[in-house]
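S.K.: In this text, residue positions in the sequence shown follow full-length UniProt numbering: the first is 1, and each later residue adds one.
C-beta atoms are modelled at their ideal positions from N, C-alpha and C, and glycine is treated no differently.
Structure below; questions to follow.
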Amino acid sequence: QEKSSRLSAALFGEDCEISRDQLYELLKYAALGKCHNATQPSWCRIYHQSHLAGVVVIVLHEMSQLHFYKFYLQFKHLRKVFRHRFTLTPSANFLASLCGEGANLKPQNTAQGLTSTSSECIPKSSDLQCDPIILKYGEKKQGLTSYILTSEEQKKNYYPMKGSPGCQGYVHTECDQQRTDSSPLFGLDCEMCLTAKGNEVTRVSLVDAQGQCLLNELVKPESTVVNYRTRFSGITKKMLLPVKTRLPDIQTRLKKMLPPDAVLVGHSLNSDLQALEMIHPSVIDTSLLFARNEGRRFKLKFLARAVLGKEIQCEEKLGHDPAEDARAALELAQFFIEQGPAKVAELNLEMLLTAEKLAEVSQNKAAALQPQGCRVQKQLNELPHLSKPCFLECLQVTGQKPLLLGRQELDSSGLCQSNLSASNKQILQRALEDVPLSTFSIIQFSLGPEYITSHLLAGLCEKVRSKLTDMLTIYAGPFEESFCLKSVKKEFGRCGPIRSLTMITETYQPYVCIQYEVLEAAQLAVESLDGAEVAGSCIKVQRPVTAAVLDCDVLIKELELDVENEGVIYVAGLKKSVTEMDLQEEFSQLKDLETLFLPKDLQSGKHRNCCFLKFQKSESALDALEVINGWTVKGSKLRSRNALASGHLWRWIWQMNHSNGKQGGNISHENMEQLSDTEQDLRKKMKKLDQHIKKLYRSLQNNTLCVVLFPGMNSMHGSQSGLGLMGIKDDGGRSAC
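Okay, here's the thing in structure tokens:
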């Protein structure tokens with residue numbers, strides 16, 4: 001059975017604001033795997049990327065997070081399908097970072113990798129049969145065990161082996177368990193100095209399959225150093241003076257760190273194992289893996305650049321970084337295994353190397369013909385270009401056909417052109433026909449210029465802020481004339497962090513108005529204290545009765561059912577002295593607890609008296625609710641309920657709650673009335689957009705990564721943050737986690 005791709009993202013609490021670069025990082029890895037310097041994103045993880053059926057990005061132009069929550073009830077499909085959401089920092093045109101506006105997207109060399117799709121560089125299928133990689137491994141993808149060196153290959157390439165001459169006294173890693181295609185890979189690289197004894201290790205690096213550095217240690221040689229080889233090793237006399245670690249220490253540590261079925265990966269790994277005086281039975285040597293004719297080998301630096309799009313062993317650095325080299329070798333092996341020999345052969349590495357050498361010779365000749373002063377000025381004028389390569393170019397280089405529909409489209413010649421005439425319905429129809437034919441698609445829907453006026457945006461912002469304020473506010477009373485305000489604040493404070501508390505004196509008997517910082521606190525106060533006895537009085541607790549909160553109960557119910565809040569509960573009543581470590585220990589007995597988030601005041605940085613708990617299963621969250629209600633932690637009785645705004649929404653509500661109307665500006669009564677008709681139109685448009693996305697989503701193949709973007713905007717009334725929703729479609733039509 002084919003593996004399903006899976007998406008994991010730690011978008012909980014405060015870790016939910018994503019930059020455009022981070023989004024670019026995700027889309028690039030999803031589309032390209034490990035080609036063109038694409039690596040696993042730092043903020044989320046895609047499991048089994050090679051099994052993705054495709055990537056679809058839906059861009060909702062002129063919309064922001066404000067639109068999603070203003071018209072939350074209209075977006076039924078979005079909030080029920082996409083579990084992973086993030087705040088997107090607003091900036092210049094998002095599409096420009098993906099495809100470069102007006103960029104020529106005809107196949108050509110990329111700025112980052114050396115791969116090309118020009119007719120001169122693509123090998124014909126008949127040529128592939130003669131490629132040394134195909135001759136050695138065939139065309140089909142195989143598991144990692146197919147690329148482990150045999151005993152004969154190890155012997156031929158001078159690997160240290162049991163019983164081999166000169167290997168007496170070598171330490172065996174004792175990793176003798178049978179290898180499978182699931183055995184763990186570890187990248188290994190050493191730097192050596194020349195001593196009276198010969199080559200001796202002075203630095204050792206080991207990285208795991210995720211590229212994390214497990215070991216990066218300086219080693220003092222046993223013999224006197226004759227040549228530190230600083231230019232290559234980066235080692236100096238001064239660096240080794242305080243070092244106490246010796247080779248036996250490293251041997252012992254490596255033996256302990258490597259599991260019994262470990263496979264070591266390195267470039268000319270025989271040299272490293274010889275210097276370590278260690279024997280390991282299972283190795284993948286990338287200098288042999290990327291086979292060449294006549295026993296020649298590609299350098300690691302070239303392979304990293306040509307295959308991974310990475311620059312390593314840069315001249316400006318002092319010597320090689322063994323961790324960098326170990327990671328590069330590991331990623332090359334992973335690329336080879338995941339993509340298969342045929343894909344690697346299509347890279348046409350031999351021709352790329354020739355082209356690179358010819359270009360270098362040409363540059364050297366040109367430089368030699370220039371006067372010294374001209375050369376210096378030319379270098380000053382041609383500083384390194386730091387912008388990313390055109391994303392869609394990278395896709396075309398790998399043979400993929402990107403699709404761009406909506407406001408900007410690709411014409412037949414590969415140029416990015418404006419297209420403002422197509423309606424959202426027409427774009428949807430074309431998308432339903434064309435998306436299945438493409439592995440990477442960007443579909444753009446728009447509101448239209450009449451819906452992005454500054455007055456309209458300011459009005460929407462003011463209405464949302466006002467509604468949030470009303471939903472965060474409760475009125476409680478009546479109290480006796482001489483009631484204790486302090487005890488009231490303490491009782492209501494057990495529901496969550498209070499922003500303000502004021503006494504209402506216009507009434508016959510005193511009431512209090514309390515504004516909370518989180519939605520859950522206000523709802524908990526209404527649910528648990530309405531009809532309760534507080535400060536000697538039986539009180540009523542209610543929200544203000546305004547037009548904005550007439551649908552509050554519906555909104556609260558829908559927030560509870562939101563897929564983002566599945567398995568998440570809110571806990572209040574914590575003492576401010578309680579630390580995250582205290583809570584981790586206190587709640588450790590709860591079954592399937594995955595994450596704990598202790599909110600902080602975004603201005604002072606102080607912890608609030610509440611937290612959110614995320615569970616792996618919804619049933620476990622329900623069980624925890626029953627256990628926690630009434631639980632006492634350090635003398636404080638806890639209250640809990642289902643979460644309403646645990647993720648990015650928590651942060652956005654806090655910002656809106658503290659904006660004091662700055663974003664909305666001063667909107668006149670007349671202008672607010674004029675907004676009503678436009679709002680009705682917008683509700684219909686949002687509902688229609690949600691239906692368009694639903695149709696498009698249902699048409700996608702399983703295992704397709706889908707990302708929906710409200711890009712955000714900058715206006716005279718302030719910056720409106722964007723919103724991203726994402727998931728991988730599974731068999732049930734919902735996004736897989």
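(1) Taking the alpha-carbon of Ala196 as reference, which of Thr224, Val207, Cys175 and Ser537 has the nearest alpha-carbon?
(2) Assuming Asp690 contacts Leu78 under a Cβ cut-off of 8 Å, what Cβ separation, rounded to an integer in Å, is found between them?
(3) How would you label Glu462, buried or exposed, when you count the other beta carbons within 10 angstroms and need 16 or more for buried?
(4) Is it buried or exposed for Leu550, if we count other Cβ within 10 angstroms and need 16 for buried?
(5) Assuming Asn270 contacts Asn157 under a Cβ cut-off of 8 Å, what Cβ separation, rounded to an integer in Å, is found between them?
(6) Tell me which same chain residues have a C-beta within less than 8 Å of the C-beta of Leu437, skipping the five on either side of it?
(7) Please report how far the alpha carbon of Thr115 lies from the alpha carbon of Asp131, in whole angstroms.
(8) Along the chain, where does the alpha helix (DSSP H) that runs through Ala521 open and close?
(9) Rounded to the nearest angstrom, what separates Phe82 and Ser487 at their Cα positions?
(10) Could you tell me which of Val207, Tyr147 and Ala548 sits nearest to Arg179, measuring between CA atoms?
(11) Based on Cα-Cα distance, which residue from Met713, Leu135, Arg608 and Phe612 lies nearest to Asn293?
(12) Go to Phe302, then tell me how far its alpha helix (DSSP H) extends in each direction, as first and last residue.
(13) Would the beta-carbon of Asn609 fall within 9 Å of that of Leu625?
(14) Per the contact definition of three or more C-beta pairs closer than 8 Å, is the region 528-548 in contact with the region 473-481?
(15) Can you give me the C-alpha to C-alpha distance between Leu644 and Glu533, rounded to a whole angstrom?
(16) Pull up the distance between the alpha-carbon of Glu152 and that of Ser164, whole angstroms please.
(17) In the DSSP assignment, what are the bridge partners of Pro436?
(18) In three-state terms, what does DSSP make of Asn657?
(19) Would Pro242 and Gln177 be called neighbours here (beta carbons separated by less than 9 Å)?
(20) Could you check where the beta strand (DSSP E) with Ile514 kicks off and where it finishes?
(21) How close, in whole Å, do the beta carbons of Glu594 and Lys614 come, if the pair is a contact with beta carbons under 8 Å?
(22) Could you tell me the alpha carbon to alpha carbon distance between Gln40 and Asp189, rounded to whole angstroms?
(23) Quick one: give me the first and last residue of the beta strand (DSSP E) that Asp285 is part of.
(24) Can you check DSSP and say which residues form a bridge with Ser183?
(25) Given a cut-off of 9 Å on the beta-carbon distance, is the pair Lys220 and Thr236 in contact?
(26) If I'm right that Leu405 touches Ala431 with Cβ under 8 Å, what's the distance once you round it to whole angstroms?
(27) Based on the DSSP secondary-structure assignment, which residues constitute the bridge partners of Gln720?
(28) Can you tell me which of the three DSSP states Met161 falls into?
(29) Should Glu564 and Leu529 be called a contact, given that it needs their Cβ atoms to be closer than 9 Å?
(30) Which first and last residues belong to the alpha helix (DSSP H) in which Ile628 is found?
(31) Quick check on this structure: which residue in Pro449, Ile653, Gln334 and Gly496 has the alpha carbon closest to the alpha carbon of Gln210?
(32) Mark Lys467 as exposed unless 16 or more other C-beta atoms lie within 10 angstroms of its C-beta, in which case mark it buried.
(33) Please report the straight-line C-alpha distance between Lys80 and Leu583, rounded to a whole angstrom.
(34) Out of curiosity, what's the CA-to-CA distance linking Gly724 and Gly712?
(35) Given a cut-off of 9 Å, decide if Gly266 and Ala329 are closer than it, judged by their beta-carbon atoms.
(36) DSSP three-state label for Asn381, please.
M.R.: In brief:
(1) If we check each option's Cα against that of Ala196, Thr224 comes out closest.
(2) 6 Å
(3) buried
(4) exposed
(5) 6 Å
(6) Lys401 and Leu403
(7) Because the pLDDT of Thr115 is 35, which lies under 50, any placement of that residue in the model is unreliable, and the number read from its coordinates should be weighed accordingly. The alpha-carbon atoms of Thr115 and Asp131 are separated by roughly 17 Å.
(8) Leu519 to Leu529
(9) A straight-line Cα-Cα distance of about 42 Å links Phe82 and Ser487.
(10) Ranking the options by Cα distance to Arg179, first place goes to Tyr147.
(11) Leu135
(12) Annotation for Phe302: the continuous alpha helix (DSSP H) segment containing it runs Leu300 to Leu303.
(13) no
(14) yes
(15) C-alpha separation (whole angstroms): 26 Å.
(16) 12 Å
(17) In the DSSP output, where bridge partners are listed per residue, Pro436 has none listed.
(18) helix
(19) no
(20) Tyr511 to Tyr516
(21) 5 Å
(22) Taking the straight line joining both Cα atoms gives about 22 Å.
(23) Val283 to Asp285
(24) Answer is none; Ser183 lacks a bridge partner.
(25) no
(26) 6 Å
(27) Bridge partners of Gln720: Met713.
(28) coil
(29) no
(30) Ser618 to Ile628
(31) Gln334
(32) buried
(33) 31 Å
(34) 10 Å
(35) yes
(36) Only weak support exists for where Asn381 lies, its pLDDT of 38 falling under 50; the value from the coordinates is given anyway. In the three-state reduction of the DSSP assignment, Asn381 falls in the helix class, which pools H, G and I.
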